[in-house]
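Under the working numbering, the first residue of the sequence shown is numbered 2, with each subsequent residue one higher.
Report on one structure; see the data block that follows.
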Amino acid sequence: MNIDQIIRTRRKTIALVITPDGKLVVRAPLYATDNQIREAVDRHREWIRAKQHETSQYRTQHPSKTYQEGEPFWYLGQLYPLKISPTARTPLKLSDGFILSQKVLTKAETVFTTWYRTQAQQVIVPRVLHLAAPLGYYPERIRISSARTRWGSCSARGTLSFAWRLVMAPLPVIDYVIVHELVHLVHHNHSRVFWDQVRQITPDYKQHIAWLKSYGSQLTLSG
Ligand SMILES: [Zn+2]
């Protein structure tokens with residue numbers, strides 16, 4: 002079993018740490034022998050393997066963007082490759098791919114976040130109004146949020162919030178999330194009546210829930 006780093010300090014015992022990128026770091030007392038360290042590692046072989054497996058699974062489920070040429074980015078359910086342009090005049094533009102100006106490469110995450118937020122505002126708000134009309138349920142306010150764990154929410158005061166990351170999903174999936182929150186304006190729970198109404202408006206809602214389950218963890222910039 003490979004030890005990536007040994008850090009010796011004035012501690013009394015040996016401790017094993019698995020870093021988020023799966024490396025094994027041993028924290029050891031100043032005078033611990035190589036044998037003592039090796040023995041501690043051997044004794045915790047199973048635990049180390051399990052932890053390393055866990056971090057690698059987390060990394061595949063939450064990949065952080067690296068902003069390299071060709072890296073794919075989601076928008077409305079499609080993946081577009083990143084192109085880094087030395088001559089682009091705008092920080093970020095979408096055509097057949099995402100064209101990012103080289104000048105803003107060091108703050109790419111901020112530039113992308115701003116872009117997605119703007120798109121979310123332009124796509125989601127009109128969809129809410131469009132879907133609300135036939136229902137006659139109108140939210141007090143529509144917010145675009147930075148929520149990381151929820152796609153949408155409905156407050157007791159009738160504010161509907163949607164995560165900007167949602168604009169990475171296909172339009173029918175976005176519509177389902179909007180319908181879900183609109184129905185919450187009247188039914189503040191997940192009762193049968195609630196789901197019956199969701200089904201009436203979006204008959205294939207289960208398919209959209211499944212899409213979010215499969216791809217939701219990819220709809221992110223920072224893992
Ligand atoms: Zn709900």
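Here a beta-carbon is modelled for each residue, glycine too, at the ideal position from N, C-alpha and C.
- Per DSSP, the continuous alpha helix (DSSP H) segment holding I202 begins and ends at R193 to I202.
- Taking C-alpha positions only, S65 is separated from A109 by approximately 12 Å.
- Looking at the DSSP output, S223 sits in a beta bridge with S65.
- Judged by DSSP secondary structure, L183 falls within the alpha helix (DSSP H) whose first and last residues are L172 to H185.
- A distance below 8 Å separates the beta carbons of I143 and L161.
- Just so you know, the alpha carbons of L80 and I38 end up roughly 47 Å apart.
- For R9, the pairing in a beta bridge is given by DSSP as A29.
- Ranked by Cα distance from I15, the first of S156, I210 and H45 is H45.
- Assignment of beta-bridge partners to A164 by DSSP yields S146.
- Distance check between Q198 and each of V27, S96, Y138 and H131 places Y138 closest, using alpha-carbon atoms only.
- Annotation for V112: no beta strand (DSSP E) segment contains it, though the alpha helix (DSSP H) segment containing it runs A109 to L136.
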